[in-house]
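Engineer: Numbering-wise (the working numbering), the sequence shown opens with residue 55 and increments by one. My questions will all concern the structure given below.
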Amino acid sequence: MGDDLGGRVDPSLPIYVYVQVADDIARRIDAGELQAGARLPAERHLAEEYGIAHGTARRVVQELRDRGLAITLPGKGTYIQAPEQGPSEGGDA
């Protein structure tokens, strides 16, 4: 992925650093800066770009998966996944 994610984190905030980074990536997905199907950088590169520890980068990826915003394919990498929109059929009958 050619985009430099390198957002800002503030360790003095009462929000875990991994949540700050996941929030930043989620914001970029919502803004259309990161499209579904785009590959996220490897954890090592996330750590370098955000200035965080490798273990924290691993937590970021897990958080994105937990939110349904990323999917990891073994041996291939982690990719942006379109957020769940809820039921699209049916409605109130």
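Even glycine gets a Cβ: it sits at the ideal position worked out from N, Cα and C. Here the structure is a predicted model, which means the values were calculated and not measured.
1) Which runs of the alpha helix (DSSP H) at least 4 residues long sit entirely within the stretch 102-133? Give them in chain order.
2) For leucine 118, which residues of its own chain have a beta-carbon under 6 angstroms away from its beta-carbon, when the five flanking residues on both sides are left out?
3) Could you give the first and the last residue of the continuous alpha helix (DSSP H) run that contains glycine 82?
4) Just the Cα atoms here: how many angstroms apart are aspartate 120 and glycine 105?
5) Distance, Cα to Cα, aspartate 84 vs arginine 113?
6) Is it buried or exposed, alanine 107, if we count other Cβ atoms within 10 angstroms and call 16 or more buried?
Structural biologist: In terms of the structure at hand:
1) 108-120
2) Ala76, Ala124
3) Note that residue 82 is arginine in the sequence shown, not glycine. Segment 71-84, the alpha helix (DSSP H) holding arginine 82.
4) 22 angstroms
5) 20 angstroms
6) exposed
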